[in-house]
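Contents: one structure, followed by commentary.
Chains as they are written, first to last, in my numbering: chain D, 241 to 473; chain C, 241 to 473.
Written out as structure tokens, the structure is:
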């Protein structure tokens, strides 16, 4: 990718550079990635994700903002069917528990939803946050201990948007007991599991969020969510 | 924005649609937003951010993924100089405490860093997460109670990348006692403060993260952060 190369070349420079707005077409490309990104559960094609494409996605993740430039993330790729089967079993147990938490009227709809693509997507990716990276005192994390977790989420979102441009779908699976995933992947205690992603090429996507389409919840009015100068003002 | 309009028109449709990879130029635009986005503290111009541009940024945030389509976020805009002065005082007190936490060799460098643009940026934005939205049981949050906070962080990152394309810089300030910000803005207890952002037009940006440029920390090698099939494999 040309852009990655250019930035790498600049790594030793320290100057401020001109930063204009993007052209209309470039700006629209970014908005298009944002508006057409979906949480994919079932549209994955079996086509493998090539190493150079994966490298671009992880480079995008690695260029997320991080508190104190801590870069607390690690990326664990999972392709082996046996490992994915174990992860799926952990999901499946947790999902049974989850369904039983809902009221009767929601339980049936919940049960009908496909909520993961662990075995269908050719690539799974676990993104973690090493809480100890950079020492005990981290610039910007002194008053909000969650900031390193939030940095890691920014990396997830960068990867998700980059994937959209590559024709690759991403689905975030959160219905696990974290200790199950921790044990299967051998993740140590000081490392938090932030996201478990299913990744693969797609040739179709929903034109609106799947949970909206399937009647789970509606999109809220943006204007109802904006306040001026203080809460509810 | 044409793209927003198209999507709104499709809101009642429920079909899967074709989802190709982006053209090379559109793809590079998205990577360029990701790689040239900076955490801005001092480059803000006084030019006001127009309402239609702010609306585009908030629409981008509102199209972030959210657990169970919960959309837990609110957006509080802060422009009044008096409110920004109060917020800056809360930052300033916390920053004095933060500086004293670092070892002697880091303390001087820490003190020399500008870590916020609260009064210089013409617009501040507090992004919150209503933990109660959508009821007690939220699809996908049943086993990881932080998922709604993570959704809100995805909204922050969407806004940050959209802002880059508009020629607008964003800086995330995290050095506060949350209760100070809560009191100043009147935010209720069930709502978490996720991000406090300084926002304004910029015509210059650092070509690498400011903390890297100023010798605080180096960028890690991406290859050291990737494992295959399990931790440290």
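Yeah, the Cβ is synthetic: ideal placement off N, Cα and C, and Gly gets one too.
This one's a predicted model, so the numbers in the text were calculated from it and none came from an experiment.
Determine the DSSP secondary structure at residue i, reduced to helix, strand or coil.
i                      : result
residue 351 of chain C : helix
residue 375 of chain D : coil
residue 380 of chain D : coil
residue 471 of chain D : coil
residue 283 of chain D : coil
residue 456 of chain D : coil
residue 315 of chain D : strand
residue 426 of chain D : coil
residue 358 of chain D : coil
residue 465 of chain C : helix
residue 273 of chain D : helix
residue 442 of chain C : coil
residue 474 of chain D : Because chain D here runs from 241 to 473, residue 474 of chain D falls outside it and cannot be looked at.
residue 251 of chain C : For residue 251 of chain C, the pLDDT reaches just 43, beneath the cut-off of 50, and the residue's location in the model is therefore unreliable, although a value from the coordinates is still provided. If DSSP states are grouped into helix, strand and coil, residue 251 of chain C belongs with the helices.
Would residue i and residue j be called neighbours here (beta carbons separated by less than 8 Å)?
i                      : j                      : result
residue 439 of chain D : residue 330 of chain D : no
residue 317 of chain C : residue 461 of chain D : no
residue 383 of chain D : residue 338 of chain C : yes
residue 403 of chain D : residue 445 of chain C : no
residue 269 of chain D : residue 447 of chain C : no
residue 497 of chain C : residue 283 of chain C : Residue 497 of chain C lies beyond the residue range present for chain C, which begins at 241 and ends at 473; the question has no answer from this structure.
residue 280 of chain C : residue 455 of chain C : no
residue 272 of chain C : residue 401 of chain C : no
residue 405 of chain C : residue 275 of chain D : no
residue 315 of chain C : residue 465 of chain D : yes
residue 391 of chain C : residue 310 of chain C : yes
If you follow the beta strand (DSSP E) that residue i is part of, which residue opens it and which one closes it?
i                      : result
residue 412 of chain D : 408-413
Going by DSSP, name the residue or residues bridged to residue i.
i                      : result
residue 390 of chain D : Looking at the DSSP assignment, residue 390 of chain D forms no beta bridge with any residue, so it has no partner.
residue 370 of chain D : D/431
residue 399 of chain D : Answer is none; residue 399 of chain D lacks a bridge partner.
residue 258 of chain C : D/444
Tell me where the alpha helix (DSSP H) around residue i begins and ends.
i                      : result
residue 297 of chain D : 291-302
residue 331 of chain D : 321-341
Near residue i, which residues of its chain fall below 6 Å by C-beta distance, leaving aside the five closest residues on each side in sequence?
i                      : result
residue 370 of chain C : 312 and 431
residue 305 of chain C : 394
residue 295 of chain D : none
residue 242 of chain C : Confidence is the limiting factor: at residue 242 of chain C the pLDDT is only 39, short of 50, which leaves the residue's position unreliable, though a coordinate-based value still follows. For residue 242 of chain C, where only same-chain residues beyond five positions count, there are no Cβ hits under 6 Å.
residue 189 of chain D : The structure shown does not extend to residue 189 of chain D, since chain D is modelled only from 241 to 473, so the question has no answer here.
residue 297 of chain C : 399, 402 and 403
For residue i, which residues of its own chain have a beta-carbon under 7 Å away from its beta-carbon, when the five flanking residues on both sides are left out?
i                      : result
residue 433 of chain D : 366, 368, 418, 421, 422 and 427
residue 308 of chain D : 374, 378, 379, 380 and 381
residue 335 of chain D : 355 and 415
residue 285 of chain D : 440, 441, 442 and 443
residue 342 of chain D : 350
Excluding sequence positions up to five away, which residues of its chain have a Cβ less than 8 Å from the Cβ of residue i?
i                      : result
residue 424 of chain C : 323, 326, 327 and 330
residue 321 of chain C : 359
residue 347 of chain D : 339 and 340
Note down, in chain order, every chain E residue with its Cβ under 9 Å from the Cβ of residue i.
i                      : result
residue 406 of chain C : Note that chain E does not occur in the displayed structure, where the protein chains are D and C.
With respect to 7 Å, is the separation between the Cβ of residue i and the closest non-hydrogen atom of the ligand FAD below this value?
i                      : result
residue 436 of chain C : The model on display carries no ligand, and the ligand FAD is accordingly not part of it.
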